[in-house]
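Worksheet for the structure shown next.
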Amino acid sequence: MGMKRELLYMLVVGILLGCSDRREWDEGIDVIKNERVKSERVVDLSRVGVDEISGFVKRGNRLVVGATYAKEGFARCVNLEDREITRSVSASGGIRSLSSFNSFDGSSVTALDFRTGELIESPVAPIARGESPESITQLPKDKQHLSAVKADDFVIATGLYEEGRYLLYSLVDGSARYFLSYPETPEFPGLRENTKAMLYASSVLRVSPDRSAFVCADMYSGVIDFCRVAGGAIERVKTVRLHYPKVKIAEVPSSRVAYTPDNRFGFMDVAVTGDRVYALYSGKTYRVDRGRAFECQTLLVYDWEGNLVRSLLLDVALQGITYDGEEGAVYGITCDFEMTLVRLGENNNFK
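Using our numbering, you'd call the opening residue of the sequence shown number 13 and step up by one each time.
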């Protein structure tokens, strides 16, 4: 699956993958008391020519699925009424290595070429003749960027930054500012900033619909950050730590981070609304679950203050989720033999 492979692409920054069989929680989640949620199958994507994805966006009858490598396009649009792929979303510049498939408002999609630091954006709806099919934002060239999301007039990004965990890049004046510290790991106090950056390099970013806040969820631990964007700056609202990463770290002669057999996978995907953050959580281990460690049946629902509202146990294992603003519904992509788009919950009443 493309989304599974995207996790492994973070190896290019020197992170070694390992796993865990421990099930304890460091903060306030009791998985036994999860509310059970049923899903409704919508369409078998393999029957419309989709066999792997790196992310997806649904808006009404239009589904856009992201690709891991951009050859003919970095995404494909599927008409759910006709069950046909209608077009490919272009990505100029030859073959690209892509991550961080994203959509701020459902009207366009973005993907980050982490080799070049270019954030590619393309509209979801077909464009009129003569219009440019895409736009490209070049993030600072002297930095290694790993994840990014674009709002109307700014980009939030994470990467191997020593100046701060988050880059706030202005699309108005081209300024680049860095904010906030990396999460501390009690077992390793006093780490260098570039080592911390490697430790928390694999993240899912989502911006709130009103552009006032964003969430950053770590894929290799149970750390999720809730932040506010105000006055050209980033402020931390709350950091939730379900569990810290279990790693071996060396800083001589250079920084190295290796995940140990005691590590658990964290958040595989996140979807947001104006008042809720839906975090798809694994908690599984490669030692016990092997390839199924990327598959998630726990959906944690937070408000934008970082408070846990509900803990949901899904009847299917998912590799990704999205929120359809036109329907007011959360959708997922299954991980079974048939890659299937599913609608979550009776009447989708998660609130």
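Cβ atoms here follow ideal geometry from the backbone N, Cα and C, with glycine treated the same way.
Quick caveat: nothing in here was measured; it's all calculated off a predicted structure.
If we ignore side chains and look at the alpha-carbon of each, how far apart do residue i and residue j end up?
| i | j | result |
| --- | --- | --- |
| residue 108 | residue 125 | 6 Å |
| residue 321 | residue 224 | 20 Å |
| residue 166 | residue 180 | 7 Å |
| residue 222 | residue 168 | 14 Å |
| residue 249 | residue 55 | 38 Å |
| residue 148 | residue 172 | 21 Å |
| residue 311 | residue 229 | 13 Å |
| residue 183 | residue 159 | 17 Å |
| residue 298 | residue 271 | 11 Å |
| residue 260 | residue 211 | 10 Å |
| residue 263 | residue 232 | 20 Å |
| residue 290 | residue 284 | 6 Å |
| residue 242 | residue 59 | 45 Å |
| residue 192 | residue 265 | 27 Å |
| residue 49 | residue 293 | 15 Å |
| residue 62 | residue 351 | 8 Å |
| residue 196 | residue 91 | 45 Å |
Using a 10 Å radius around the Cβ and a threshold of 16 neighbouring Cβ atoms, would you call residue i buried or exposed?
| i | result |
| --- | --- |
| residue 153 | exposed |
| residue 208 | buried |
| residue 177 | buried |
| residue 57 | buried |
| residue 275 | buried |
| residue 277 | buried |
| residue 349 | exposed |
| residue 186 | exposed |
| residue 213 | buried |
| residue 258 | buried |
| residue 88 | buried |
| residue 332 | buried |
So, helix, strand or coil for residue i, using DSSP?
| i | result |
| --- | --- |
| residue 128 | coil |
| residue 48 | strand |
| residue 351 | coil |
| residue 253 | strand |
| residue 62 | coil |
| residue 162 | strand |
| residue 118 | coil |
Got a sec? Which residues, its chain only, sit under 7 Å from residue i by beta carbon, not counting five neighbours each side?
| i | result |
| --- | --- |
| residue 70 | 334, 336 and 343 |
Please work out which residues of its chain come closer than 8 Å, Cβ to Cβ, to residue i, disregarding the five sequence neighbours upstream and downstream, and give them in chain order.
| i | result |
| --- | --- |
| residue 47 | 322, 323, 324 and 325 |
Once the 5 residues before and after residue i are set aside, which same chain residues still bring their CB inside 6 Å of it?
| i | result |
| --- | --- |
| residue 316 | 225 |
| residue 189 | 180 |
With a cut-off of 8 Å, do at least 3 Cβ pairs link the stretch 113-133 to the stretch 61-79?
yes
Sufficient close CB pairs (3 or more, under 8 Å) joining the stretch 298-307 to the stretch 234-251:
With fewer than three CB-CB distances shorter than 8 Å, the stretch 298-307 does not count as touching the stretch 234-251.
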